[in-house]
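Protein chains in written order, with this note's numbering: chain A, 1 to 858; chain B, 1001 to 1114.
For every residue, glycine included, the Cβ atom is placed at its ideal position computed from N, Cα and C.
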Amino acid sequence: MTRKDRDDELARELRAHMEMEADELFEQGLPPDAARNAARRSFGSPALAMERTREMWGWNSLDSVLRNLRFALRRARKSPGFTATVAVVIALAVGVTTAIFALIDVAFFKPLPYPEPDRLAYISMSFETAGRAALEQVLTGAQWETLRDNATLVDPAVYSEWTAGVNCGAGDRAFFVQQQRVGADFFRVLGVLPAFGRSFTREEDSENGPRAVVLSDSLRRRVFGTSPDVVGQKLLLRGEPYTVVGVMPAGFRSGVNVDLWTPLKPSIRGEGEGSNYQAMIRLKPGVSIAGATGELNTISRALPAPRPARDGTVWVPNFKLQPLLEGRTSDLRKPLLLLLGAVLTVLLIGAINVGGLLLARQSGRAAELATRMALGASRGQVFRDVLLDSMVLVAIGGALAVPLAFGALDGLRWLNDKMFGLVDSAAIDGRALSVGLACTLGAGLIAGILPAWQSVTRKRRTFPLGLLVAGQMALVLPLLVGAGLLGRTFLTLWNIEGGFDPENLVIARISLQDARYDAAEKVRRLFREGITRIQAVPGVEGAAAGLTVPFERQLNQGVRVGAQPVPGERWRSTNLVYATPSYLGTLRIPLLRGRGLQESDTETTEKVAVVNATFVRRFLDGRDAVGEFIRLGGKEPVRIVGVSGGTAQRNTERGAPLEFEPVAYIPVTQMTSFAMVHQWFSPAWIVRSRMQPEVLSRQLESVMQTLDPMLPLSKFTTPVEIKGKTLGMQRLLVSLLGVLSGLGLMLCVLGVYGLVASSVAERTREIGIRMALGASVPGVIQKAMRPGLLWALTGVAAGVPLLYLGRTVLAGLIHGVSAVDPLTYGIVAGVLLVAVGAASLLPALTLTRLDPAVTLRN
Amino acid sequence: MDKPDNERVELMQGTLDMMVLQTLLFGPCHGHAIAKSIQRTSEEAFLVEHGSLYPALHRLERQGWVTTKWDKAPGKNREVKYYLLTPSGKKQLVAVQNKWTQLVAAIGKVMRPV
């Protein structure tokens, strides 16, 4: 039986029933017409009976949902402005949430693209002393060997996280590529073997072993095209011939952007003396994390000597395991969670706002809903329909959010360029879209529940509307304070002068990781001749070369004060910059005492250094440093000949990302070995000129061509760009949080506006009467503004506890500013007051145009 | 003939189904007759509304406790839908009757005047 048949039959049955009733009444003596009417009256609503009976058969709910969906869509079309407002609000919030979830997914949940990624972990060194612990993700050569020689439950691999740009020659072509150095077991432990060829042998991974290289698939294509015979081919890396032994599969990533891998050749000497290695492990089959941790604790006892701590105790070293995914994304987790929290807050504000809009619109539908209830619609049905209305409006926004999410992810990519390695692997996929859908449904429910409830009760309307405004204000408060604190942090860091003159400076890097520049004398000559030729270019005011420039990360170097070793003396950590004599002058770093580096400082004269003011303050107690001796790494004492002003550097340790750090400048002529530092750093040409940067960079390129055609210059950059890169995460956070809190504030303003406008509209008559009776216009306006101001301030007060929550999220992300920075709070309070005041005043101002006479007549 | 509203008793949930089954025990009946019969037997204590009766009838049909057939009403030139008790409907009636008797007895004990 089809449902149409059943419906017809039911109608027939009911009709027959009614007729029989009429017959009976007729037989009792009523005239036919009266009998029929009485029967119909006693019958009640046949439609209702049919409806209820239909529900018995279960068709009704789906049917009515579909029908009501059509109505809801029609209503949405009828008020395009309203629909568009809601859709835009929801689309923005859901779209950004989806994009940020795509990042969160990669950082927290998605397994890494290696076989059995749960069995992979990083090895960190934890140093423990009375109640304190410090964790470092770096190992020395000796620590690595202890691990390698004793571990039985885990399969360890050593590598260097540090990648370097190097020159790669293939035939007559040259490429600037990113190189990473890895141990022989690296690929095997990760579980991904080369697609062609093999990975490194032990022999290749030992000192003086054959020079071998493994290529990424994309570099293979760039260099060799589609030719399959790649293994065994020769490449020139840093001017030395290397044999290609393998090619990794397409899409393989070792965590950083890398074009080729070479053997690490780990050692306990050279770079292995310092903490310059990273290690990871794979649990052997059947071994648990706990089991491996137990073994590692035992092995740790065999580690080389503990370090003395400042308070006389010792730091006891211990191997620690950290899941690979967690370790790889540890510095991104906090910012991402902050962003997710912010965007969800905006979504919640948006949903509440839509709820308010629906509620306000509801008053216009009151008559319609009352009629439907009178005609027999049940409360449940009305409730459902109103909820459906909200769902439909929000769903339109949700649909728009999909393209927006793709755009937002691209935007995030653009905003942070290389900083999040993980953005590359993030995608708006099924998982992200499901989260978007869940957000949309949640927003629809939150937005619709109050209007739906309101539609079936008969309470006054202003109460929930005001409550909604208060709720939004409470939520926006931590958002604004957070954005304010991050903004202040960014500005504080951005306004750091740096201690030099960043105007009219151009910086170009050259990779000297090149066999032809292994000899120190060649490096010195390159710099000497290069600077002479650059200075000869018309318009160039100064030229210098140095290992690094301010605002970027510097070379760390152990330093001890005094010419002779003293028992119990401590290594301190400074930054080391080798420089040409023109370095300080070109950068315009002021010389405070003594002299600068000079041409007369050569490899044969006394070793000298210029240290900066931060160095003097931190290591020499601020006394006159000129004439004092320090030892940098080696035993040979170095005389301090001058003190320069401090400069701001990129700080990768805890604390602010840009800070004044101690620096020792030494003459490039007195560097004995460049091999190690050039593996990590590409030195910089620094040129001061008022020329257009494009013109200048062309000039410099041709100069370098005459100097050494095989030495390509990397992109030209400026100190401001370097600073921007150093503060990239801060910039990203402040711009995103700024946009989000602005959006949240806008929604709140809309809410307050709506509240005051609707209360004014509702009370126009009453106000008109008051004014006719002599109430003053300012007084009336003040009164009309009151609900807006009161509810908004109540909300702000309610939001204060949320600030504590926000503080824990922000800890570690704000620098140079107190978490209770009065200026930030003052600005936020001012912005809120102005916004809320304006939002309350504008609708109240319509009262000035109110003509009491007209109002009374109406 | 109608009782004033305040002497009417609200139907307890589920009792209408039971009374419909009981009514059909005496033979096939159409909706109108069922309603009248319940009203009459209860001495007008229950007013069976159509909005409740037909959902109940269709509920019983869906459960398989009654079947239906269209037939001429006696002495009228009109087809009406008759409801017939099925064997499983009879079993259901016995079951609910037992339950009902227990319920009434139990409530009676509690509500005995002191």
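Start and end residues, alpha helix (DSSP H) containing ARG1062(B): In the DSSP annotation of this structure, the continuous segment of the alpha helix (DSSP H) that includes ARG1062(B) starts and ends at 1050-1063.
Distance cutoff 8 Å, beta carbons only. Does ARG52(A) sit that close to anything in chain B? Chain B, which has a Cβ nearer than 8 Å to the Cβ of ARG52(A), makes this yes.
In chain order, what residues of the same chain lie with their CB nearer than 8 Å to the CB of MET1001(B), ignoring the 5 residues before and after it? Because the pLDDT at MET1001(B) is just 42, under 50, the model does not fix this residue reliably, and the point stays unresolved.
By the 10 Å Cβ neighbour count, where 16 or more other Cβ atoms means buried, how is LYS1109(B) classified, buried or exposed? The residue in question, LYS1109(B), is exposed, as its Cβ has fewer than 16 Cβ neighbours within 10 Å.
query = So who's on the other strand from ARG173(A), going by DSSP bridges?
reply = Partner(s): ALA170(A).
* Listed from N- to C-terminal order along the chain, which residues in the segment 1035-1056 of chain B have their beta-carbon within a distance smaller than 7 Å of any beta-carbon of chain A? -> Close to chain A, meaning a Cβ-Cβ distance shorter than 7 Å, are the following residues of the segment 1035-1056 of chain B: GLU1049, HIS1050, GLY1051, TYR1054, PRO1055.
- [ ] Go ahead and pull the three-state DSSP assignment for TRP162(A).
- [x] If DSSP states are grouped into helix, strand and coil, TRP162(A) belongs with the strands.
| said: My output table needs one value for LYS110(A): the three-state DSSP class, helix, strand or coil. | reply: Three-state result, LYS110(A): coil.
> Under a three-way DSSP split, which group does LEU805(A) fall into?
Replying inline: If DSSP states are grouped into helix, strand and coil, LEU805(A) belongs with the helices.
Self-check item: C-beta neighbour in chain A for GLY1089(B), strict 8 Å
Solution: Not closer than 8 Å to any Cβ of chain A, the Cβ of GLY1089(B) fails to qualify, so no.
Checklist line | Where VAL817(A) falls, given that 16 or more other Cβ within 10 Å makes a residue buried | finding: Buried is the call here.
So, for VAL1104(B): in the same chain, excluding its five sequence neighbours on each side, which residues have a beta-carbon less than 6 Å away from its beta-carbon? Short of 6 Å from the beta carbon of VAL1104(B), and not among the five residues preceding or following it, lies no beta carbon of its own chain.
Strictly below 9 Å CB to CB, what residues from chain A border VAL1104(B)? From the beta-carbon of VAL1104(B), no residue of chain A is found nearer than 9 Å; the closest lies around 28 Å away.
Worksheet item: With C-beta atoms as the reference, is GLY768(A) less than 8 Å away from SER840(A)?
Response: No, the pair does not count as a contact, with Cβ atoms beyond the cut-off.
If you measure between the beta carbons of GLU13(A) and GLY1031(B), is that distance less than 8 Å?
Yes, Cβ-Cβ distance for GLU13(A) and GLY1031(B) is below 8 Å.
_ASN1098(B) - containing alpha helix (DSSP H), residue span_ = Counting along the chain, the unbroken alpha helix (DSSP H) around ASN1098(B) starts and ends at 1087-1110.
Terminal residues of the alpha helix (DSSP H) in which LEU861(A) lies: In the structure as shown, chain A begins at 1 and stops at 858. Residue 861(A) is therefore absent and cannot be evaluated.
**Study point:** Closest Cα partner of ARG269(A) within the set MET704(A), GLN513(A), GLN143(A), ALA35(A)
**Key:** If we check each option's Cα against that of ARG269(A), GLN143(A) comes out closest.
Does the beta-carbon of ALA625(A) have 16 or more other beta-carbons within 10 angstroms, so that it is buried, or is it exposed? Buried, since its Cβ has 16 or more Cβ neighbours within 10 Å.
7 Å Cβ cut-off: residues of chain A touching GLY1031(B)
By Cβ distance, chain A contributes GLU13, HIS17.
- Through-space distance from PHE101(A) to PHE406(A), alpha-carbon basis: The straight-line gap separating the alpha-carbon atoms of PHE406(A) and PHE101(A) is approximately 12 Å.
| request: Measure from the alpha carbon of GLY364(A) to the alpha carbon of each residue in GLN454(A), THR440(A), GLY539(A), then state which is nearest. | output: Looking at the Cα atoms, GLN454(A) is the closest of the given residues.
Strand pairing of ALA819(A), partner residues [DSSP]
BP columns for ALA819(A) are empty, so no partner.
Worksheet entry | Distance between ASP259(A) and ARG588(A) (C-alpha atoms, nearest Å) | Looking at the two C-alpha atoms, the distance is approximately 37 Å.
Just how far apart, CA to CA, sit SER124(A) and THR605(A)? Roughly 42 Å between the two C-alpha positions.
Backbone secondary structure at ASN297(A) - three-state DSSP = It is helical.
- Message: Which same chain residues end up closer than 6 Å to ARG328(A) when comparing Cβ atoms and leaving out the 5 residues on each side of it in sequence?
- Response: Cβ contact annotation for ARG328(A) (same chain, cutoff 6 Å, sequence separation greater than five): GLY255, in chain order.
Checklist entry - Between LEU321(A) and ILE289(A), is the Cβ-Cβ spacing less than 8 Å? => result A contact, by the Cβ cut-off of 8 Å.
Can you pull the chain B neighbours of GLY44(A), defined as C-beta to C-beta under 9 Å?
Near GLY44(A) (Cβ distances below 9 Å), the residues of chain B are GLU1049, HIS1050, GLY1051.
**Report entry** Inter-residue Cα distance where the pair is THR726(A) and VAL720(A)
**Finding:** If I take the Cα positions, the gap works out to 10 Å.
Chain-order list of residues whose beta-carbon lies under 7 Å from that of GLN782(A) (same chain, five-residue window excluded) = The answer is none, since no qualifying residue turns up.
Worksheet item: Where does GLY751(A) land, buried or exposed, given buried means 16+ other C-beta within 10 angstroms?
Response: That one is buried.
field: In DSSP terms, what ALA133(A) is bridged to
entry: Within the DSSP bridge table, the entry for ALA133(A) names GLU128(A) as partners.
Counting only beta-carbon separations shorter than 8 Å, does VAL1112(B) have a partner in chain A? The question names Val, but residue 1112(B) in the sequence shown is Arg. ARG1112(B) is outside the set of residues whose beta carbon lies under 8 Å from a beta carbon in chain A.
*Pick from ARG618(A), GLN730(A), VAL65(A), ALA447(A): whose alpha carbon is nearest that of GLY471(A)?*
Selected option, being the one with the closest Cα: ALA447(A).
- Task: Output yes or no for whether 8 Å exceeds the beta carbon distance between LEU393(A) and THR647(A).
- Result: Result no, Cβ atoms of LEU393(A) and THR647(A) do not sit closer than 8 Å.
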